[in-house]
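In what follows, a structure is listed as structure tokens, so that the remarks can point back to it.
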Amino acid sequence: MTAPVSIENVSKTFGHFTALDSVSLDIRAGEFIVLLGPSGCGKTTLLSILGGFLSPSSGRVVIGENDMTFVTPSKRPTTTMFQDYALFPHMRLSDNVGFGLRMRGLGKAERDEKALGFLDLVGLKASAGKRPHELSGGQRQRVALARALAVDPEVLLLDEPLGALDLKLRRQMQDELKAIQKRVGTTFVHVTHDQEEAMAIADRIVVMNQGRIEDFGPPSQIYMRPRSLFSAGFMGEVNFVPGRVKTADAACAEVETSLGSLALPAANFTAAAPKAGDAITLTIRPEHFRGADKSGEPMFALGDAKVAGSAFFGTHYRCHLQPCASDGDALVAHLPQSAEVRDGEIVPLAVRAADVVALPAASGTL
Amino acid sequence: MLRRVFVSGLSWAYLALVYAFIFLPVAVLVLFSFQDGRLPVPPFNGFSTQWYEAVFADRKLMAALGNSMLVAISSSVVSCVLGFLAAYSLARYKLPGSALQRGLLIAPMTVSYLIIALGLLSLLNALHMPLSLLTVGIGHVVINLPLCFAIIYASMGDHQINIERAARDLGANDFKVMALVTAPMLMPSILAAFFLSVTFSWDEFIIAFLLSRFDVTLPVEIWSMLRSGLNPKTNAIGSLVFLASVALLLILEFSLFGRTKKQ
Numbered sequence: 013m014t015a016p017v018s019i020e021n022v023s024k025t026f027g028h029f030t031a032l033d034s035v036s037l038d039i040r041a042g043e044f045i046v047l048l049g050p051s052g053c054g055k056t057t058l059l060s061i062l063g064g065f066l067s068p069s070s071g072r073v074v075i076g077e078n079d080m081t082f083v084t085p086s087k088r089p090t091t092t093m094f095q096d097y098a099l100f101p102h103m104r105l106s107d108n109v110g111f112g113l114r115m116r117g118l119g120k121a122e123r124d125e126k127a128l129g130f131l132d133l134v135g136l137k138a139s140a141g142k143r144p145h146e147l148s149g150g151q152r153q154r155v156a157l158a159r160a161l162a163v164d165p166e167v168l169l170l171d172e173p174l175g176a177l178d179l180k181l182r183r184q185m186q187d188e189l190k191a192i193q194k195r196v197g198t199t200f201v202h203v204t205h206d207q208e209e210a211m212a213i214a215d216r217i218v219v220m221n222q223g224r225i226e227d228f229g230p231p232s233q234i235y236m237r238p239r240s241l242f243s244a245g246f247m248g249e250v251n252f253v254p255g256r257v258k259t260a261d262a263a264c265a266e267v268e269t270s271l272g273s274l275a276l277p278a279a280n281f282t283a284a285a286p287k288a289g290d291a292i293t294l295t296i297r298p299e300h301f302r303g304a305d306k307s308g309e310p311m312f313a314l315g316d317a318k319v320a321g322s323a324f325f326g327t328h329y330r331c332h333l334q335p336c337a338s339d340g341d342a343l344v345a346h347l348p349q350s351a352e353v354r355d356g357e358i359v360p361l362a363v364r365a366a367d368v369v370a371l372p373a374a375s376g377t378l
Numbered sequence: 002m003l004r005r006v007f008v009s010g011l012s013w014a015y016l017a018l019v020y021a022f023i024f025l026p027v028a029v030l031v032l033f034s035f036q037d038g039r040l041p042v043p044p045f046n047g048f049s050t051q052w053y054e055a056v057f058a059d060r061k062l063m064a065a066l067g068n069s070m071l072v073a074i075s076s077s078v079v080s081c082v083l084g085f086l087a088a089y090s091l092a093r094y095k096l097p098g099s100a101l102q103r104g105l106l107i108a109p110m111t112v113s114y115l116i117i118a119l120g121l122l123s124l125l126n127a128l129h130m131p132l133s134l135l136t137v138g139i140g141h142v143v144i145n146l147p148l149c150f151a152i153i154y155a156s157m158g159d160h161q162i163n164i165e166r167a168a169r170d171l172g173a174n175d176f177k178v179m180a181l182v183t184a185p186m187l188m189p190s191i192l193a194a195f196f197l198s199v200t201f202s203w204d205e206f207i208i209a210f211l212l213s214r215f216d217v218t219l220p221v222e223i224w225s226m227l228r229s230g231l232n233p234k235t236n237a238i239g240s241l242v243f244l245a246s247v248a249l250l251l252i253l254e255f256s257l258f259g260r261t262k263k264q
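Encoded structure:
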């Protein structure tokens, strides 16, 4: 089963602390949504409200056609996969997975058969008779997933389920989660603070900060065309270059920065249309710096910069560059493997106009 | 080198003394239950099982043994159920004055059995409730409930909260969460509380003596036997009681502590 989820102006306060501040979100049926943000941003609170473990101070939660705002967890078409797995330690795996079916009144034979099917889905059919303490962390994870899916929920909520696994296992489980979600078609809402994990599995990512949604969209959009400084900074590395809009018309804006002036298409202003005189911040991803113009694309020369340190990362060189034209902040650039940069070397910097995103300056957004 | 031998010899001697101090009375009791003679005092005249035969032939004693088992098991079951429910509610819900309630539940542990028995006696009198095995059982629940509560409450940790949430999330109501998830998860400590409670009730004399009339428990029966003087028969029944306690302890050790070690 699967269902769309609609969160309408949900707020949650604990005493004087506002954990969620009028959050609205529409999730389509069968989507894999990732709630991404630093700890304390409200993502787990939002998940608990979806699961029914908390009720919102104001606002509404609609799952499918039904208002679920004040419905208890046991009566919701949602199941939660907990961070610590929360398996029943005294039950065999087949009984763990069959527990929800037992609560729905299924007979022993029928639920055992279904439980085996779901254990098979996560590759643990042979261990059905074991107890949770005989399993490794990754295996417990799978049992928790099978148990949550066995009752055929419309929405599966995952509370940092991969947090306790080591990196390699985590990457592997991400792929499995994604594959299983595609197979069962259930709407998944997954909470994490790992942006790589978010990009690996999400259809759409919700970037949260301080109880608000900062950005919402497919991973490529969040990364390439972030709609807030927080979102740009949280999803991978980025350079912020302060600037000011000199002139603006419907199609294009002339921006002045310490690195020189650039003419940017109006579409690159993702948060608000440019107005002359606006203080803005340009965000440039490290990999978007080009050593020099080679292709025929429109490039902006950003002047020369001195290499102030570099390290080889396998896929690229990560370099700290000090622009020669200004004594502003150093920039971080990823130069190609073949670049062979040396400390103290002077390199010309350039960037494609399409790769630069202009956002309102910090004081304007926060 | 010599010094080390001396020190280690001394510590072994100390160990032997401690154990002798603890177990010598029991050993003497068991030894003289096999006495071939009328007095359970030295010298040991020879080995005989006649006193055990006498014990098993004694109808009153056997009835008292049955009564003791009945009281011990039923009062322990009641104590464990009540203790579990109290522990569950205090650990899982925000209750008014929960610290005070915890204190009140444990308080009877600090009151002497004699005072509890006297209090119950006057209460039962006021209620015109006749003394019986039931009243003994009530007395034993009063003394064992704090123990069961304390043991079970101590084993309820926060890590079980998510497991209970998961059960609720999968559709279990409050009763099913308790019966199918919480209680089985806490079974080692519930059983530990049960067996401890059984041994306490099994041995208890003052309350059983003051709150019973026609049907009595084993310690009360042994006491009335002692009034007619020392007799190897009392040694024999004492040895049997000791054996039962040891058996319970062994069950506890192998069934529970063995299991928790594995987990």
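If you're matching them up, the sequences are chains X and D in order. Residue numbers for the first sequence, in our numbering: 13 to 378. Residue numbers for the second sequence, in our numbering: 2 to 264. Backbone N, C-alpha and C fix where the C-beta goes; we use that ideal spot for every residue, glycine too.
When D/L25, D/D216, D/L32, D/Y154 are compared, the shortest CA-CA separation from D/V82 is found for D/Y154. Contact annotation: the segment 101 to 110 of chain X touches the segment 123 to 135 of chain X, with at least three C-beta pairs closer than 8 Å. Just measuring C-alpha positions, the residue of X/M80, X/V196, X/F29 sitting nearest X/V17 is X/M80. DSSP places X/T199 within a strand segment (E or B) once states are collapsed to three. DSSP lists X/C331 as the beta-bridge partner residues of X/S322. Residue contact with chain X for D/M186: present (Cβ-Cβ distance below 8 Å to some residue of chain X). Scanning chain D for C-beta atoms nearer than 8 Å to the C-beta of X/H202 yields nothing, as the closest lies near 16 Å away. Per the coordinates, the alpha-carbon of X/A214 lies some 13 Å from the alpha-carbon of X/H205. With its beta carbon at least 8 Å from every one in chain D, X/G129 lies outside the interface. In the DSSP annotation of this structure, the continuous segment of the alpha helix (DSSP H) that includes D/H141 starts and ends at 134 to 155. For the pair X/A279 and X/E352, the Cα-to-Cα distance works out to about 35 Å. Under a criterion of Cβ atoms nearer than 8 Å, the residues of chain X adjacent to D/K177 are, in order, M115. In terms of Cα proximity to X/T90, the closest of X/D33, X/S139, X/G27, X/T14 is X/T14. Residue pairing by DSSP leaves D/I162 without any beta bridge partner.
With fewer than 16 other Cβ atoms inside 10 Å of its own Cβ, X/Q184 counts as exposed. Per DSSP, the continuous beta strand (DSSP E) segment holding X/P254 begins and ends at 251 to 260. The alpha-carbon separation between X/G149 and X/V134 amounts to approximately 14 Å. For a cut-off of 8 Å, the C-beta gap from X/S322 to X/L271 is around 20 Å, too long to register as a contact.
Residue burial annotation: D/L146 is buried, with at least 16 other C-beta atoms found within 10 angstroms of its C-beta. X/S273 is bridged by DSSP to X/E268.
Cβ-Cβ distances below 8 Å link X/A313 to G272, D305, P360, L361, A362 in the same chain, with the five nearest sequence neighbours on each side left out; the list follows chain order. D/C149 and D/R4 have their C-alpha atoms roughly 48 Å apart. Counting other Cβ atoms within 10 Å of its Cβ, X/D132 stays below 16 and is therefore classed as exposed. For X/S86, the chain D residues whose Cβ falls inside 8 Å of its Cβ are R169, D170, L171, G172, A173, N174, in order along the chain. Residues are counted here when their Cβ sits less than 7 Å from a Cβ of chain D; for the segment 97 to 111 of chain X these are A98, F100, P101, H102, F111, given in chain order.
Boundaries for X/E226: no alpha helix (DSSP H) harbours it, while the beta strand (DSSP E) harbouring it runs 224 to 229, taken from the DSSP string. The three-state reading of DSSP puts D/N46 in coil, since its state is none of H, G, I, E or B.
Per DSSP, the continuous beta strand (DSSP E) segment holding X/P360 begins and ends at 358 to 364. For X/F65, the nearest CB of chain D lies under 8 Å from its own CB, placing it at the interface with that chain. In this chain, D/P109 is not harboured by any beta strand (DSSP E), its DSSP state being neither H nor E. Secondary structure of X/G149 (DSSP, three-state): helix. Bounds of the beta strand (DSSP E) holding X/M93 are 90 to 93.
Within the model, the alpha-carbon separation for X/P238 versus X/V369 is close to 8 Å.
Closer than 8 Å to the CB of X/V163 there is at least one CB belonging to chain D. Take the alpha-carbon of X/R302 and the one of X/R104: they are about 58 Å apart.
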